[in-house]
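In UniProt numbering, the protein residues as written are 1 to 462.
Written out as structure tokens, the structure is:
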């Protein structure tokens with residue numbers, strides 16, 4: 001699948017090893033690989049990118065940027081789930097061919113990622129592109145794995161293939177699953193624990209027999225079926241990253257069952273030789289009191305914001321103002337505050353103040369009011385209230401370090417502080433706050449600091 005373009009991330013030199021939180025164990029550990037491998041779960045393309053999606057992909061992008069800026073060479077794969085019930089249901093409801101709907105939403109997503117300057121994956125794979133391989137993999141699993149078939153009494157001739165997870169001794173054994181009602185989680189995320197004939201309530205479907213007028217591949221090949229969700233990601237990850245994956249990423253709503261079942265399938269596909277070092281789960285974004293989701297329709301769409309004239313950098317700053325693991329509620333005021341922050345940073349690149357008109361509302365935004373919260377350790381959020389979240393650009397009026405071609409000691413200190421914040425589990429709110437503090441004190445953002453901000457935060461100021 002064709003991806004999108006984004007400016008290359010400049011190398012900043014050796015950076016400290018990233019200390020990253022692993023959702024499975026609840027521990028922060030160093031990422032030491034020079035060629036880390038990242039798999040991020042992609043979109044189901046039946047509606048446009050909203051801020052919840054963008055939060056996930058900007059978080060993964062911040063991870064990739066830190067690696068690239070430090071001279072590492074990550075391998076990055078991402079899927080597109082363009083064979084799935086929600087897509088077919090939306091297509092049927094709107095009278096649009098499912099392929100046309102998917103293509104239009106993929107194009108919108110591509111444009112949104114380009115606008116937000118998210119680094120594209122090295123491999124961006126649509127499920128529709130690998131149906132033959134998925135069929136072969138499932139048929140292969142039938143030969144040696146603990147699979148079984150279940151007929152659908154309401155649809156004669158339709159059979160579904162399941163895999164018995166009781167044979168996987170590692171399944172759901174991580175500390176994160178202790179005390180969790182897995183059956184309830186499974187059913188709340190599309191599972192079918194109560195289906196008669198299943199060996200175990202949590203057994204996932206590998207292969208879904210097609211009912212009635214549901215999707216069939218062109219020409220009837222590879223069969224009257226479509227693949228299960230979890231096996232899709234397992235096959236794509238194995239094919240493009242191998243059996244050793246550094247980071248598996250996605251929204252925290254994918255922790256169970258999707259990520260755990262995909263990991264189980266990956267073990268099955270590799271003869272038990274696979275492993276995932278870090279499970280990277282991004283918080284949920286709310287709006288109007290509910291989780292932002294396509295099913296609820298309470299969406300703030302990136303494409304609509306940019307079409308209305310919003311600078312994509314301001315959208316990115318809204319997202320970076322929240323630590324990737326936190327849940328948060330979006331309000332339009334946060335966008336206003338992000339625009340003020342961007343304006344103040346831009347003014348600091350020249351050492352000249354902006355007009356008072358463009359500064360409206362900036363003075364009242366503190367770190368807490370902007371929604372900022374930095375994670376000081378694995379489990380606690382510390383307020384950034386003592387550091388302004390968006391600084392009045394009038395503070396840029398006098399900059400003692402604004403000497404062309406030089407890097408001041410204060411700029412060097414900011415660079416080090418930004419790197420230090422990001423090295424500790426990608427603490428973007430703390431990084432933003434440190435730049436704000438510098439600007440509030442009349443500090444200049446010269447070419448070197450601009451390069452650092454562009455490389456690590458994805459915000460180009462010139």
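Idealized CB from N, CA, C, for every residue including glycine.
The three-state reading of DSSP puts residue 459 in coil, since its state is none of H, G, I, E or B.
In the three-state DSSP reduction, residue 250 falls in the strand class (E or B).
About 17 Å separates the beta carbon of residue 322 from that of residue 23, a gap too long to meet the 8 Å contact definition. Under the three-state reduction of DSSP output, residue 328 falls in the strand class.
For residue 121, no alpha helix (DSSP H) segment is defined, and its DSSP state is neither H nor E. In this model, residue 260 and residue 171 are separated by some 7 Å (Cα to Cα).
DSSP, reduced to helix, strand and coil, places residue 1 outside both helices and strands of the structure shown, so it counts as coil. Contact check between the region 125-144 and the region 313-333: fewer than three CB pairs, one atom from each, fall below 8 Å, which does not count as touching. Comparing alpha carbon positions, the residue from 15, 286 and 141 closest to residue 267 is 141.
Checking the DSSP bridge columns, you'll see residue 290 partnered with 287. If you look at residue 271, you'll find it isn't in any beta strand (DSSP E); DSSP assigns it neither H nor E.
Taken in chain order, the complete beta strand (DSSP E) segments of 3 residues or longer contained in the region 24-102 are 27-31, 37-40 and 75-80. Listed in chain order, the non-local C-beta contacts of residue 108 below 7 Å within the same chain comprise 48, 49 and 303, local neighbours out to five positions each way being set aside. Residue 227 is bridged by DSSP to 207.
Boundaries of the beta strand (DSSP E) around residue 147: 147-151. For a cut-off of 8 Å, the C-beta gap from residue 63 to residue 457 is around 12 Å, too long to register as a contact. Annotated as proximal: residue 147 and residue 164, with beta-carbon spacing under 9 Å. As the crow flies, the alpha-carbon of residue 257 is around 19 Å from that of residue 294. By the beta-carbon neighbour count (other beta carbons within 10 angstroms, threshold 16), residue 79 is buried.
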